[in-house]
Structures are given as C-alpha cells and as structure tokens.
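**Student:** So the sequence shown is numbered by the numbering used here: it starts at 187 and just counts up by one. C-beta atoms are modelled at their ideal positions from N, C-alpha and C, and glycine is treated no differently. Let me begin by handing over the structure; questions about it come next.
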Amino acid sequence: MRQKSLVASKLSVSTLVSSDEPGSHNEVQVVSKARRFTAKFKQKVLKDIEALTPSERGAYLRKNGLYSSHIWRWRKQVDQSPAGVLVEGRSGRKSTKDPNAAKILQLERENERLNRKLKQAETIIEVQKKLSDLLGLPMADHQKPDV
Numbered sequence: 187m188r189q190k191s192l193v194a195s196k197l198s199v200s201t202l203v204s205s206d207e208p209g210s211h212n213e214v215q216v217v218s219k220a221r222r223f224t225a226k227f228k229q230k231v232l233k234d235i236e237a238l239t240p241s242e243r244g245a246y247l248r249k250n251g252l253y254s255s256h257i258w259r260w261r262k263q264v265d266q267s268p269a270g271v272l273v274e275g276r277s278g279r280k281s282t283k284d285p286n287a288a289k290i291l292q293l294e295r296e297n298e299r300l301n302r303k304l305k306q307a308e309t310i311i312e313v314q315k316k317l318s319d320l321l322g323l324p325m326a327d328h329q330k331p332d333v
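Here you go:
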C-alpha cells in the first residue's frame with residue numbers, strides 16, 4: 187500500500203491511499219477541512235501544555251495533531267481577552283458593512299427617481315407656457331380654492 191500527501195490548506199493535509207493490488211479500482215480520499223477547535227478544547231490543551239516539560243510538549247502536540255503556532259495563537263487570545271478566558275468566536279475578517287447602507291442606497295435611488303420626475307414635470311410646464319404664448323391663450327392660474 188502506498189500513500190501520497192496532498193496539501194489542501196495551511197491547516198490540514200489530505201492523504202490519498204491506493205492499493206498496489208491488480209484489479210483494485212477503489213481509491214479512498216480523505217476530504218480535508220480546516221479544523222475548528224472549541225474554546226473548551228483550547229483551554230484543556232493550554233492547561234496540559236503548562237504542566238509538561240519543554241521536551242514533552244513536542245510529543246504532546248504531535249499526538250494531538252497540533253502545531254506550536256496553535257498554542258502561540260491561543261495564548262495570545264487569552265492575553266487579549268478582557269476576562270483572560272478563551273471564548274467561541276467566528277473566524278475570518280470582521281464585517282465592515284454599515285447596517286444602514288441598504289436603507290441609504292434605497293433612499294438615494296428614490297431621490298434620483300423623484301428628481302428625474304420633477305425635471306420632466308418642469309419641462310412639460312415650460313412647453314405648455316411656450317405653446318400658450320404661441321397660440322395666444324391665457325394661462326390659467328391653478329390655485330387651491332379657499333375652504
């Protein structure tokens with residue numbers, strides 16, 4: 187049996203296992219996925235690492251499939267948290283989207299639409315004035331009646 191390693195991402199490695207037996211058409215591919223660790227697991231590992239000697243730490247990390255960068259990052263998270271405790275959180279870039287952006291965009295579009303409609307109405311009124319002057323018709327004053 188032979189094994190080939192395929193690097194899928196920075197955090198995980200997939201292994202493709204194939205059989206050297208003739209007529210074997212089955213290949214099993216382990217699908218790799220970025221691992222996510224719970225806060226409880228991270229705290230347990232940090233506690234365990236503190237109790238070990240430096241020479242034992244490497245063996246512990248290899249046994250659990252971890253890297254020293256995980257420990258470094260988790261310690262940094264503990265130091266930066268106000269309570270000094272790891273908390274569950276979403277990974278990735280924080281959203282910079284303004285919660286009012288959709289409403290602002292809608293209002294800007296409506297404003298543009300109303301400005302176009304106003305311009306069209308003003309053009310129609312001007313044409314009516316010119317037509318009335320050409321035909322010699324008196325302009326009617328459209329005022330609201332007093333109630």
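Note down the Cα distance separating Leu141 from Val271, rounded to an integer number of angstroms.
**Tutor:** A question about residue 141 goes unanswered here, because the residues of the chain that appear run from 187 up to 333.
**Student:** So, at 7 angstroms on beta carbons, what are the nonlocal neighbours of Leu238 in its own chain, with the 5 sequence-adjacent residues on each side left out?
**Tutor:** If we look at Leu238 and ignore the five residues flanking it on each side, its Cβ neighbours are Tyr246.
**Student:** Identify, in the order they occur along the chain, each residue of the same chain with its Cβ nearer than 6 angstroms to the Cβ of Glu274, setting aside the five sequence neighbours on each side.
**Tutor:** Only Ala225 meet the Cβ criterion.
**Student:** Can the beta-carbon of Arg243 be found less than 7 angstroms from the beta-carbon of Ile235?
**Tutor:** Closer than 7 angstroms, so yes.
**Student:** So, helix, strand or coil for Pro240, using DSSP?
**Tutor:** Helix at Pro240.
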